[in-house]
Structure formats: C-alpha cells, structure tokens
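Novice:
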Amino acid sequence: MTKWLQSGRRRDLCVLLYDAETLRGQSLKTRLEDHYNTHIDSKSFYAALRSLEEKGFVEKRTDGIHEAYALTDAGERRVEDHFEWMREKVV
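If you're matching positions, the sequence shown starts at 1 in the UniProt record's numbering and goes up one per residue.
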C-alpha cells in the first residue's frame, strides 16, 4: 500500500464512516471529538473532509438540509487495507 493518508485525523474520519456508512457532518465531528476527548476546530475538520473528497475517498451527499458524508468504494478498500496492515503489525 503506497501513501494513503498521512493524516491520522483523516484516517480516523474514514474509520468512523466505515463503521456508520453515512453520517451528517456534525455527527461525524462529534464522534471524532468524543474519540479524541477534545474539541476540534470546525474549519480544520471540514478541510479534512474536503481533502478526503478531493482524493476520492469520501463523497458528500444531501440529507434534507444537512450535508452527510460516506466512504466511496476506494475509501472502503483503503480502510480495509490499512486494517490488515495494522493487524499484521500488532499480532
């Protein structure tokens, strides 16, 4: 696996989306803040999501008046590949 995401935050966003399939932006941010046990600046959070969209790992959808996010097939594959790589290293 070549360079995937060098940002742990972006990888963690993908993992949360993998688990939930689709999440509204604020719900995704809250889950990430709960995981890190800290507040995340909205500007940097949405910048990370935009970067994931631009790379083709996440897609933005409309859920009523809200924006929701989901992994693309490429994003799902990368999460699974990263999980396998981690399992090999941790076991």
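Positions of the beta carbon are idealized from the N, C-alpha and C atoms, including for glycine.
Helix or strand or just coil, what does DSSP make of Asp19?
Specialist: Residue mapping note: residue 19 aligns to position 19 of the sequence shown, counting from 1. Of the three classes helix, strand and coil, the one that applies to Asp19 here is helix, per DSSP.
Novice: From this set, Gln6, Arg9, Asp19, which residue's C-alpha is nearest Ala70's C-alpha?
Specialist: Looking up residue 70 in the sequence shown gives position 70. The candidate whose alpha carbon is nearest that of Ala70 is Asp19.
Novice: Measuring alpha carbon to alpha carbon, tell me which residue in Trp85, Leu49, Glu84, Phe83 is nearest Ala68.
Specialist: If you number the sequence shown from 1, residue 68 lands on position 68. Ranking the options by Cα distance to Ala68, first place goes to Leu49.
Novice: Quickly, what does DSSP pair Arg61 with across the bridge? List them, please.
Specialist: Residue mapping note: residue 61 aligns to position 61 of the sequence shown, counting from 1. Ala68.
Novice: What does the alpha-carbon distance come out to for the pair Gln26 and Lys89?
Specialist: In the sequence shown, residue 26 corresponds to position 26, counting from 1. In the sequence shown, residue 89 corresponds to position 89, counting from 1. Rounded to whole angstroms, Gln26 to Lys89 spans 33 Å at the Cα level.
Novice: Per DSSP, Arg24 forms a beta bridge with which residues?
Specialist: The residue labelled residue 24 in the question sits at position 24 within the sequence shown. Paired residue(s): Ala68.
Novice: Nearest to Ile65 by CA position, among His82, Ser44, Arg24, Leu28, is which residue?
Specialist: In the sequence shown, the residue the question calls residue 65 occupies position 65. Looking at the Cα atoms, Arg24 is the closest of the given residues.
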